[in-house]
Amino acid sequence: MDCSTVRDAFVSGTVLPEDQVEAHLASCPQCRELYQRDAELGRNLAREVSATVAFSGDFFGQLEQKLAQETGFRAWLRSRPSGLRFLLLLLPLLVVLIATGALRHRADFAQYPLQRVLLLLTIYFVAILIAFGKELSESPRGDAFRDHWALLAFALGVPFLAAFAPATELSRQAAPSGELGCFAYGALLTLPIALLLWGFNRDDRISLRTVCLSAAALGLSANLMLELHCGNGNAEHVLLGHASLGLAWLAAWCGMRLLSRPIHLRK
Amino acid sequence: MVSVCIAWGNAGYIAPVRSDEELMAAYIAGDKAAFRELFSRYSPLLLRAMARDLRSPEEANDLVQQTFLHLHRSRLDFESGRKLKPWIFTIALNLKREYFRRSKRRYETSLEDDRVAEPFEGPRGQERSDAARETERALRALPPEHREVIELHWFGGLSFPEVAEAVGSTVAAVKVRAHRGYVALRERLGDSAPGSQRNHEAGPSVEGSK
Numbered sequence: 002m003d004c005s006t007v008r009d010a011f012v013s014g015t016v017l018p019e020d021q022v023e024a025h026l027a028s029c030p031q032c033r034e035l036y037q038r039d040a041e042l043g044r045n046l047a048r049e050v051s052a053t054v055a056f057s058g059d060f061f062g063q064l065e066q067k068l069a070q071e072t073g074f075r076a077w078l079r080s081r082p083s084g085l086r087f088l089l090l091l092l093p094l095l096v097v098l099i100a101t102g103a104l105r106h107r108a109d110f111a112q113y114p115l116q117r118v119l120l121l122l123t124i125y126f127v128a129i130l131i132a133f134g135k136e137l138s139e140s141p142r143g144d145a146f147r148d149h150w151a152l153l154a155f156a157l158g159v160p161f162l163a164a165f166a167p168a169t170e171l172s173r174q175a176a177p178s179g180e181l182g183c184f185a186y187g188a189l190l191t192l193p194i195a196l197l198l199w200g201f202n203r204d205d206r207i208s209l210r211t212v213c214l215s216a217a218a219l220g221l222s223a224n225l226m227l228e229l230h231c232g233n234g235n236a237e238h239v240l241l242g243h244a245s246l247g248l249a250w251l252a253a254w255c256g257m258r259l260l261s262r263p264i265h266l267r268k
Numbered sequence: 070m071v072s073v074c075i076a077w078g079n080a081g082y083i084a085p086v087r088s089d090e091e092l093m094a095a096y097i098a099g100d101k102a103a104f105r106e107l108f109s110r111y112s113p114l115l116l117r118a119m120a121r122d123l124r125s126p127e128e129a130n131d132l133v134q135q136t137f138l139h140l141h142r143s144r145l146d147f148e149s150g151r152k153l154k155p156w157i158f159t160i161a162l163n164l165k166r167e168y169f170r171r172s173k174r175r176y177e178t179s180l181e182d183d184r185v186a187e188p189f190e191g192p193r194g195q196e197r198s199d200a201a202r203e204t205e206r207a208l209r210a211l212p213p214e215h216r217e218v219i220e221l222h223w224f225g226g227l228s229f230p231e232v233a234e235a236v237g238s239t240v241a242a243v244k245v246r247a248h249r250g251y252v253a254l255r256e257r258l259g260d261s262a263p264g265s266q267r268n269h270e271a272g273p274s275v276e277g278s279k
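First to last, the protein sequences are chains B and E. Counted from 1, the first sequence has number 180 at position 179 by the working numbering; the numbering is strictly sequential. Counted from 1, the second sequence has number 127 at position 58 by the working numbering; the numbering is strictly sequential.
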């Protein structure tokens, strides 16, 4: 690596392989000086800008009080390792899917091409896994890209699109009735997952990210279950009884977020 | 097990100083004193990091408490062999970002914001204090992604690899962000930039590039 490559990258902000840059800096005093200036400015900043801060009252005592309240089933749930929380979250979804799948089939399922069914199930399932994984992850949450919004838009949008997708003759002829039953069925089946998501959440104040990811996971889970069990392809029925579940869970989590808001921010 | 021994005065008392990771492992095993030690090590750093962006000390205190509560709740996620410092700062940064989203305030504060650092009680008195305020304003005017890495490195005491881990980026990328921040600072501060010829005090070092 030569000087011009290092300096061009330095000025333009291009990211170069770390070891090659370090190797070049070790052998090139001119480029090293370029980096030295930054280091010197940083050291002086740290010396010059020193914020004076103080703890209020018995700070550790207050924290100990809060830690002492960390008892009970929810405290146990939220302190489980992330891998275990992920598996526990997946368990009710799989149990419900397998159990209800074995007991209740769509009458028109055999009429659909197998590839279409598998593709749809895979898309739903992968999106649910991503939502679960992101919600439980402790990784840094940057400002730049709000991936939770994209997942929420997907979770809300796909069921709406499914309402207008080509259906079988049998499902097309179905009446728009029964949407309330489907809505209640979907909500009931996803309730255990909702409770676990709430139980696993480690924040005292529910974040917007949690609202989006939880609503996305629950909306997709409910629609996945209904997709397997309900043979009514009437657009009005699918919109009101299936697709609306994502919005309902979104509203429910927004309500929980408002309730978890600290007093001084409610003004 | 890596332990360092230090001597206390002339009494000859030798106390083992456990690393952050050893303290965390001890806390996971049930040693509550280890948590207190971690608290005493990290709370001043975290409070300073929070106080730089938040308007009220109560909010900064609250976020630091939340950070330690979160640390307690996610203690079983801490893997042996992992560094604790970037992990704590990741938790703190996530909480701080969420705080700003919730309160609908921008991460960066305006140049008109008068809540800058307390006057520096140094040998050059008022002159030094004015310079500090000016530097603080310039720092606050930086884009958040540039300011964040500079503050974590120089005020939080994290190395660049640790900063990269804390913000979820690569070492090279955080160095580029820091450099862009330094360039913008020099442009804003001109001759009064810390480390410029007028203020030149420290000798050259390659520390910042490491």
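Note that the Cβ used here is the ideal one computed from N, Cα and C, for glycine as well. Quick caveat: nothing in here was measured; it's all calculated off a predicted structure.
With burial defined as no fewer than 16 other Cβ atoms inside 10 Å of the residue's Cβ, what is the status of B/H106: buried or exposed?
Burial check for B/H106: the Cβ neighbour count within 10 Å stays below 16, so the residue is exposed.
Proximal residues of chain E, C-beta to C-beta of B/F1 below 7 Å:
This structure leaves residue 1 of chain B out entirely; chain B is present only between 2 and 268.
Within the 8 Å Cβ cut-off, does E/F167 reach chain B?
The amino acid occupying residue 167 of chain E in the given sequence is Glu; Phe does not appear at that position. Answer yes: the Cβ-Cβ gap between E/E167 and chain B drops below 8 Å somewhere.
Any residues in the stretch 128-140 of chain E with a beta carbon nearer than 9 Å to a beta carbon of chain B? Which ones, in chain order?
E128, A129, N130, D131, V133, Q134, Q135, F137, L138, H139
Which chain E residues sit within Cβ distance under 9 Å of B/E136?
Under the 9 Å cutoff, chain E gives no residues; its nearest Cβ is about 13 Å from B/E136.
Going by C-alpha distance, which of E/E234, E/V252, E/R246, E/V243 is nearest E/A207?
E/V252
Between which two residues does the alpha helix (DSSP H) carrying B/M2 extend?
No alpha helix (DSSP H) contains B/M2, which DSSP labels as neither H nor E.
Helix, strand or coil at E/R87 [DSSP, three-state]
strand
Alpha-carbon to alpha-carbon, E/N163 and E/V86
29 Å
Measuring only between beta-carbons, confirm whether E/A235 sits less than 8 Å from chain B.
At least one chain B Cβ lies under 8 Å of E/A235.
Short check: CB of E/L145 to CB of B/R81, under 8 Å?
yes
Measuring only between beta-carbons, confirm whether B/E237 sits less than 8 Å from chain E.
no
Alpha carbon to alpha carbon, what distance is there between E/T204 and E/E177?
Note that E/E177 scores a pLDDT of 44, beneath 50, so its modelled location is shaky and nothing firm can be said.
Any residues in the stretch 58-75 of chain B with a beta carbon nearer than 8 Å to a beta carbon of chain E? Which ones, in chain order?
Cβ contacts with chain E: F60, F61, Q63, L64, K67, L68, E71.
Compare the C-beta of B/D205 with all C-beta atoms of chain E and state if any pair is closer than 8 Å.
Yes - at least one Cβ of chain E is within 8 Å of the one on B/D205.
Please list the partners that E/D89 has in chain B, where partner means a Cβ-to-Cβ separation under 7 Å.
What E/D89 touches in chain B: nothing, since even the nearest Cβ is about 17 Å away.
Would the stretch 121-139 of chain E and the stretch 60-71 of chain B be scored as touching if the rule is three or more Cβ pairs under 8 Å?
yes
Burial state of E/W223, where buried means 16 or more other Cβ atoms lie within 10 Å:
With 16 or more Cβ atoms within 10 Å of its Cβ, E/W223 is classed as buried.
Three-state secondary structure (DSSP) of B/C18:
This sequence places Pro at residue 18 of chain B; Cys is not what is there. In the structure shown, B/P18 sits in coil (DSSP, three-state: anything other than H, G, I, E or B).
Note down, in chain order, every chain B residue with its Cβ under 9 Å from the Cβ of E/S143.
Within 9 Å Cβ-Cβ: R79, S80, P82, S83, E139, R203.
Determine the direct distance from the alpha carbon of B/R75 to that of E/S72, and round the result to whole angstroms.
At E/S72, the pLDDT of 42 sits below 50, so the modelled position is not reliable and the matter cannot be decided from this model.
Which same chain residues end up closer than 7 Å to B/L248 when comparing Cβ atoms and leaving out the 5 residues on each side of it in sequence?
L157.
So, for E/V185: in the same chain, excluding its five sequence neighbours on each side, which residues have a beta-carbon less than 7 Å away from its beta-carbon?
The predicted position of E/V185 is uncertain, since its pLDDT is 42 and thus under 50; no value can be drawn from it.
Below 9 Å on C-beta distance, what does E/D100 contact in chain B?
Result: empty, since nearest Cβ-Cβ is about 14 Å, beyond 9 Å.
To the nearest angstrom, how far is the alpha carbon of B/D3 from that of B/H25?
B/H25 has its alpha-carbon roughly 7 Å from the corresponding atom of B/D3.
Find out if the Cβ-Cβ distance for the pair B/L227, B/G187 is shorter than 8 Å.
yes
For the alpha helix (DSSP H) that contains B/Y113, what are its first and last residues?
For B/Y113, no alpha helix (DSSP H) segment is defined, and its DSSP state is neither H nor E.
Whole angstroms is fine: what's the gap from B/L122's alpha carbon to B/L225's?
7 Å
Quick one: list the residues of chain E neighbouring B/S208, beta-carbon separation under 8 Å, in chain order.
E167, R170, R171
From this set, B/L181, B/L115, B/S222, which residue's C-alpha is nearest B/P193's C-alpha?
B/S222
For B/W150, count neighbouring Cβ atoms within 10 angstroms of its own Cβ and tell me buried if that reaches 16, exposed if not.
exposed
Determine whether the beta carbon atoms of E/F158 and E/G225 lie at a separation below 8 Å.
yes
Give me the residue from B/L104, B/V212, B/R206, B/L189 with the minimum Cα distance to B/L153.
It is B/V212 whose Cα lies nearest to the Cα of B/L153.
Please state the DSSP three-state secondary structure of E/A186.
Interpretation of E/A186 is limited by its pLDDT of 41, a score under 50 that renders its predicted location unreliable; no figure is taken from the coordinates.
Within 8 Å of any Cβ in chain B, is that where the Cβ of E/I97 sits?
no
Alpha carbon to alpha carbon, what distance is there between B/L190 and B/G182?
Using only the alpha carbons, I get a separation of about 12 Å.
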